[in-house]
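Heads up, the sequence shown is in this note's numbering, so the first residue is 12 and it goes up one at a time. Cβ coordinates follow ideal geometry from the N, Cα and C atoms, glycine included. Right, one structure below, let's go through it.
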Amino acid sequence: MLASGALAAALAFSPRGLLAADPVGGIVTGKGPGDFDFLTGEWAIKHRRFDTSGPDGHRELDGSATVRSVLGGMGSVEELRKGDGRVLGMGVRVWHPRDGLWADHWTAAEDGVVNPPQLGRFIDGAGVFTADDEMDGKPVKVKAVWDKITPTSCRWYQMMSRDGGTSWERGWYMDWTRVA
């Protein structure tokens, strides 16, 4: 795994596991409404996607985002843009109080399809989200994490497992810097 300690153990959760008590020793630090308030505002973003077409096995791209808190902090809406200003897509996060989980949905501008959510919560100060998905007709597990959260920066990254969570492949990193 790429992370260590309690956060690494928390990343191993499946969405069903998130509905239960957190047995890994990580402390649930999120309170639900307001957890994503740190993201409200204007951002410059450095994207790193891991593939073989770029130097050192990754491509870097610039982007930006505008994020709004909605529903009294029970939601967060993000418009993500490419470096040239064209819209890449939209992230919508909604708090589900009954389950004590956030549902993080993605909609790509190219097709307008609202994807099934990654479910998660904030553990040890990091937003940890998981989902079961499919790639090339085969099941995969996906993990996404919001971490390194400060008043002026944060990071989002996503990993994928093709073997049920035994090993994880780096996928996409986004380093966010607040625009003054």
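Rounded to whole angstroms, the separation of the alpha carbons of T77 and A120 is 15 Å.
With a cut-off of 8 Å on Cβ pairs, the region 42-52 is not in contact with the region 140-155, counting fewer than three such pairs. According to the DSSP secondary-structure assignment, M171 is paired through a beta bridge with V153 and E180. For T141, the beta-bridge partners assigned by DSSP are L130 and K154. One alpha carbon belongs to D158, the other to G83, and they sit about 23 Å apart.
Per DSSP, the unbroken beta strand (DSSP E) holding K93 starts and ends at G86 to K93.
W187 is positioned such that its CB atom lies closer than 7 Å to that of I56.
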